[in-house]
Amino acid sequence: MQTYTFLAFDLGATSGRSLLATLDNGKLDTRELTRFPNNLLPVNGKVHWNIFGLYEALLNGMKAAAAEGVHVDAIGIDTWGVDFVYVGKDGSFLGCPRAYRDPYTEGKQAAFFKVVPRKEVYDLTGIQFMNFNSLFQLYAAHTEGSAALAAADKILFMPDALSYLLTGKMVCEYTIASTSQFLNPKTKQLDANLLKAAGASIEQFPALVNPGTIIGPLTDELAAETGLGKVPVIAVAGHDTGSAIAAVPAENERFAYLSSGTWSLMGIEVVDPIINEASFDMNFTNEGGVEGTTRFLKNITGMWLLEQCRKEWEKEGTSYDYPTIVKMASSSVGFQSLVDPDHPSFANPKSMTAALADYCRQTGQVVPTTHAALIRCIFDSLALKYKYVLGKLQHVAPFAIERLHIIGGGKEYDDVKDWTVSHKLHDSIVLHGPIYDEDQLASFFLRSLACISPGQAGLSVLKSMGYGTPFITMQNAITGGERLNIQNGVNGVLYHQDSVLEAILVDISENRQKYIDMGQRAREYFINFRTPSHMVDGLLSAIQYCTKDKKCHVH
């Protein structure tokens with residue numbers, strides 16, 4: 017079977033990355049090439065994205081791929097939703113795009129609903145109402161007399177704008193367009209009347225294309241500059257969540273997903289859009305998915321709260337990595353202060369730490385005064401909001417949700433996203449870590465007589481026990497709830513010094529049945545006691561080690 021190599025660019029609202037992916041015999045391997053920040057750019061009272069800085073980051077990623085000496089078969093780009101770029105008749109960008117966190121859309125929803133009623137907008141689009149939706153951004157630009165909107169020959173969503181810079185070809189990819197609130201999910205076309213009401217026209221948008229469409233090759237200039245040659249650029253699912261959900265390794269359609277990052281998106285995948293009174297009242301959205309599917313979901317403010325706090329602390333001279341953040345959260349008393357992550361006061365405050373404190377003060381709660389208390393407040397609040405939305409989702413879903421998949425987020429969030437499952441999000445939870453192939457993972461553990469982690473240990477304890485494989489680790493390599501799972505000599509082994517490990521290895525080789533029996537007890541323990549509520553202490557202790565876990569397996 018032929019081997020293919022792809023270059024993917026995944027751009028989020030705070031950072032971006034390039035990844036090299038190899039597809040060989042049906043197995044997809046990915047590795048990160050470059051990572052770069054994506055910061056808001058305030059200019060003269062307006063908030064923009066530095067699209068030319070992002071373009072430069074794409075060039076650096078392509079040059080890094082060329083330096084690997086591999087043949088790249090295709091390039092794809094995904095980004096966050098709703099934001100767009102104005103393009104003049106000469107093909108030039110009419111300035112940097114406004115960012116969805118620019119307050120220029122405040123109050124525009126109410127004004128627009130005087131032109132087109134709220135219920136009519138929802139019935140036409142099935143999209144949740146948020147101030148920054150593209151529909152209200154266009155209306156805000158129109159009402160403030162935007163010269164760029166008036167002069168725009170074309171309007172391109174962010175992934176399409178970046179693809180245009182690479183190829184010179186303009187398209188309007190379906191999944192990213194579906195975030196706008198002027199695409200009809202039933203007809204799968206842009207709504208000309210809504211665009212007209214917002215001060216734009218349907219002619220300002222290129223033709224819609226589905227994910228998988230070839231946009232065109234790199235321009236001659238970029239083919240030479242990057243060293244990649246005339247590589248085709250593909251219109252992937254341009255909305256990052258659309259691409260993430262397409263990668264969920266679900267066994268059937270009865271699953272929900274939580275895409276975790278700056279924004280968290282929780283929902284289900286269905287064939288037809290769900291547009292009814294219940295979805296309208298609960299403000300759920302219907303966005304386009306891969307192969308004609310619909311992503312029925314709700315946006316939740318995610319790690320934005322924490323990211324903004326970290327930026328403040330860094331300016332004050334204090335910087336925390338994510339393992340430290342998780343440790344700080346676990347050391348702080350839980351459920352002392354709770355906020356609604358989606359409250360308008362957290363949209364883009366001058367000081368996130370002050371906004372969180374003010375919210376708690378105004379609602380009569382304990383005001384978090386330490387960094388650890390603020391972090392715990394954010395984590396507790398997000399976890400409970402996820403649980404609340406999951407309950408609402410189950411109410412309107414056309415099927416019983418059997419499993420929750422947690423996906424998305426950059427490598428720095430791998431630990432943090434696991435923490436959220438400790439709050440009883442669902443009865444059946446799949447954690448996606450460095451091993452993505454479940455069949456491969458199952459085979460790995462089922463063939464192992466024991467799982468040995470001489471250094472650090474974390475969620476691998478749970479994985480190992482879940483497959484009936486006893487876990488063996490040094491006692492000081494693990495603390496808290498995860499350590500409590502290991503009943504020394506019963507379902508695993510805790511040893512005190514490296515010299516003991518040699519004796520354990522000998523014992524495994526000479527007493528195989530002993531460890532087979534130990535594995536059975538590990539499995540029984542896992543079945544009887546490993547509920548989401550019981551995982552709280554274990555996760556808080558273990559997740560700081562997840563991405564650093566170096567394991568030795570004895571077969």
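Heads up: the sequence shown begins at 17 in this note's numbering, then just goes up one per residue. C-beta atoms are modelled at their ideal positions from N, C-alpha and C, and glycine is treated no differently. The model shown is predicted, which means the values in this text are computed figures rather than measured ones.
Practice problem: Label V197 either buried or exposed according to how many other C-beta atoms from any shown protein chain fall within 10 Å of its C-beta, with 16 as the threshold for buried. | Solution: Locating residue 197 in the sequence shown gives position 181, where the first residue counts as 1. Strictly speaking, residue 197 in this sequence is Gln, with Val absent from that position. Label assigned to Q197: buried.
Practice problem: Return the CA-CA distance between T30 and N149, expressed in angstroms with no decimal places. | Solution: Counting from 1 along the sequence shown, the entry for residue 30 is found at position 14. Counting from 1 along the sequence shown, the entry for residue 149 is found at position 133. Their Cα atoms are separated by approximately 18 Å.
Practice problem: Take T242 and list the residues in its own chain whose beta-carbon comes closer than 6 Å to its own, dropping the five residues that flank it on each side. | Solution: Your numbering for residue 242 matches position 226 in the sequence shown. Within the same chain, T242 has close Cβ partners M78, K79, A82.
Quiz item: Which one or two residues does DSSP pair with H411 in a beta bridge?
Solution: The sequence position of residue 411 within the sequence shown is 395, counting from 1. Partner(s): none; H411 has no beta bridge.
Quiz item: Since I477 contacts N501 with CB under 8 Å, what's their CB separation in whole angstroms?
Solution: For the purposes of this step, residue 477 is taken as the residue at position 461 of the sequence shown. For the purposes of this step, residue 501 is taken as the residue at position 485 of the sequence shown. This sequence places Val at residue 477; Ile is not what is there. Confirmed, about 6 Å.
Quiz item: Is the distance from the Cβ of P222 to the Cβ of G232 below 8 Å?
Solution: Locating residue 222 in the sequence shown gives position 206, where the first residue counts as 1. Locating residue 232 in the sequence shown gives position 216, where the first residue counts as 1. Not a contact, by the Cβ cut-off of 8 Å.
Quiz item: Between which two residues does the beta strand (DSSP E) containing H64 stretch?
Solution: Counting from one through the sequence shown, the residue named residue 64 turns up at place 48. Its beta strand (DSSP E) spans residues 62-65.
Quiz item: So V477 is in the alpha helix (DSSP H); what residue range does that whole segment cover?
Solution: As a first step, residue 477 is located in the sequence shown; it is residue number 461 there, counting from the start. Unbroken alpha helix (DSSP H) run through V477: 476-482.
Practice problem: Look at the alpha carbon of T50 and the alpha carbon of N209, and state the distance between them as a whole number of angstroms. | Solution: What you label residue 50 is simply residue 34 of the sequence shown in a count that begins at 1. What you label residue 209 is simply residue 193 of the sequence shown in a count that begins at 1. In a straight line, the C-alpha of T50 is about 42 Å away from that of N209.
Exercise. Out of L74, N41, T121, F22, state which residue places its alpha-carbon closest to the alpha-carbon of I91.
Key: If you number the sequence shown from 1, residue 91 lands on position 75. Of L74, N41, T121, F22, the residue nearest in Cα terms is F22.
Quiz item: Taking DSSP as the reference, what is the three-state secondary structure of C325?
Solution: Counting from one through the sequence shown, the residue named residue 325 turns up at place 309. Three-state DSSP puts C325 in a helix.
Quiz item: What is the rounded straight-line gap between the Cα of Y284 and the Cα of N302?
Solution: Position 268 of the sequence shown, counted from the first residue, corresponds to residue 284. Position 286 of the sequence shown, counted from the first residue, corresponds to residue 302. With the sequence shown as reference, residue 284 is identified as Ile, and Tyr is not the correct amino acid for it. Using only the alpha carbons, I get a separation of about 10 Å.
Self-check item: Cα-Cα separation, V506 to L465
Solution: Counting from one through the sequence shown, the residue named residue 506 turns up at place 490. Counting from one through the sequence shown, the residue named residue 465 turns up at place 449. Those two C-alpha atoms are separated by around 14 Å.
Quiz item: Which residues in the same chain as S577 place their Cβ atom closer than 7 Å to its Cβ, once the five residues preceding and following it in sequence are excluded?
Solution: An answer regarding residue 577 cannot be provided, because it is not within the stretch 17 to 571 covered by the chain.
Quiz item: According to the Cβ coordinates, are A126 and W65 closer than 8 Å?
Solution: Position 110 of the sequence shown holds residue 126. Position 49 of the sequence shown holds residue 65. No, Cβ-Cβ distance for A126 and W65 is not below 8 Å.
Quiz item: Are H227 and V306 closer than 8 Å when you measure CB to CB?
Solution: Within the sequence shown, numbered from 1, the residue matching residue 227 stands at position 211. Within the sequence shown, numbered from 1, the residue matching residue 306 stands at position 290. Looking at the sequence shown, residue 227 is not His but Pro. Yes, the Cβ-Cβ distance between P227 and V306 is below 8 Å.
Exercise. Determine the DSSP secondary structure at G508, reduced to helix, strand or coil.
Key: For the purposes of this step, residue 508 is identified with residue 492 of the sequence shown, where counting begins at 1. Reduced to three states, the DSSP call for G508 is strand.
Quiz prompt | Cut-off 8 Å between Cβ atoms - residues of its own chain near D532, not counting five sequence neighbours on either side | solution = Locating residue 532 in the sequence shown gives position 516, where the first residue counts as 1. It should be pointed out that residue 532 corresponds to Ile in this sequence rather than to Asp. Answer for I532: L465, listed in chain order.
Exercise. Let me know if H512 comes out buried or exposed under the rule of 16 or more other beta-carbons within 10 Å of its beta-carbon.
Key: Taking the sequence shown and counting its residues from 1, the one referred to as residue 512 is at position 496. Exposed: under 16 other Cβ atoms inside 10 Å.
Practice problem: Identify which residue in I261, G28, I391, R47 has its Cα closest to the Cα of E84. | Solution: Mapped onto the sequence shown, residue 84 falls at position 68. Of the listed residues, the one whose Cα sits closest to E84 is R47.
Self-check item: For K401 and I316, believed in contact at Cβ under 8 Å, the rounded distance
Solution: For the purposes of this step, residue 316 is identified with residue 300 of the sequence shown, where counting begins at 1. For the purposes of this step, residue 401 is identified with residue 385 of the sequence shown, where counting begins at 1. With 8 Å as the limit, I316 and K401 qualify as a contact, their Cβ atoms being about 6 Å apart.
Exercise. Mark K135 as exposed unless 16 or more other C-beta atoms lie within 10 angstroms of its C-beta, in which case mark it buried.
Key: Translated into positions along the sequence shown, residue 135 becomes position 119. Looking at its Cβ environment, which holds fewer than 16 other Cβ atoms inside 10 Å, K135 is exposed.
Quiz item: For F542, which residues of its own chain have a beta-carbon under 6 Å away from its beta-carbon, when the five flanking residues on both sides are left out?
Solution: Here the question's residue 542 lines up with position 526 in the sequence shown. If we look at F542 and ignore the five residues flanking it on each side, its Cβ neighbours are M481, G482.
Quiz item: How would you label F128, buried or exposed, when you count the other beta carbons within 10 angstroms and need 16 or more for buried?
Solution: The residue labelled residue 128 in the question sits at position 112 within the sequence shown. Burial call: buried.
Quiz item: Do H387 and M344 come within 8 Å of each other at the CB atom, strictly closer than that value?
Solution: Against the sequence shown, residue 344 aligns to sequence position 328. Against the sequence shown, residue 387 aligns to sequence position 371. In contact: M344 and H387 (Cβ atoms closer than 8 Å).
Quiz item: In terms of DSSP beta bridges, what is F22 paired with?
Solution: Indexing the sequence shown from 1 puts residue 22 at position 6. Its beta-bridge partners are A37, A90.
Practice problem: Pick out whichever of D169, F395, P113, G111 has its Cα sitting closest to the Cα of M186. | Solution: Taking the first residue of the sequence shown as 1, we reach residue 186 at position 170. Comparing Cα-Cα distances from M186 to each of D169, F395, P113, G111, the minimum goes to D169.
Exercise. Determine contact between the region 375-389 and the region 334-351, defined as no fewer than three beta-carbon pairs at a distance below 8 Å.
Key: yes
Quiz prompt | Reference P53, options K62, N60, D26, closest by Cα | solution = The count along the sequence shown starts at 1 and reaches residue 53 at position 37. Closest by alpha carbon: D26.
Exercise. For V577, collect the residues of the same chain with a Cβ closer than 6 Å to its Cβ; drop the 5 residues on either side in sequence, then sort them by chain order.
Key: Since the displayed the chain opens at 17 and closes at 571, residue 577 lies outside it and no answer follows.
Practice problem: Tell me whether G333 is buried or exposed, calling it buried when 16 or more other Cβ atoms sit within 10 Å of its Cβ. | Solution: Translated into positions along the sequence shown, residue 333 becomes position 317. Per the 10 Å Cβ criterion, exposed.
Practice problem: Measure the alpha-carbon distance for Y71 versus E237 and round it to whole angstroms. | Solution: For the purposes of this step, residue 71 is taken as residue 55 along the sequence shown, with counting starting at 1. For the purposes of this step, residue 237 is taken as residue 221 along the sequence shown, with counting starting at 1. Approximately 14 Å, taken between the alpha carbons.
Quiz item: For A371, does the three-state DSSP call read helix, strand or coil?
Solution: The sequence position of residue 371 within the sequence shown is 355, counting from 1. If DSSP states are grouped into helix, strand and coil, A371 belongs with the helices.
Practice problem: Please confirm whether any heavy atom of the ligand NAP lies closer than 7 Å to the CB of P133. | Solution: The model depicted lacks the ligand NAP and carries no ligand whatsoever.
Exercise. Name the one or two DSSP bridge partners that R419 has.
Key: Position 403 of the sequence shown, counting from 1, holds the residue named residue 419. Answer is F271.
Quiz item: For the alpha helix (DSSP H) that L281 lies in, which residues bound it at each end?
Solution: Reading the sequence shown from its first residue, position 265 is the one you call residue 281. It is not in any alpha helix (DSSP H) - L281 instead sits in the beta strand (DSSP E) that spans 279-286.
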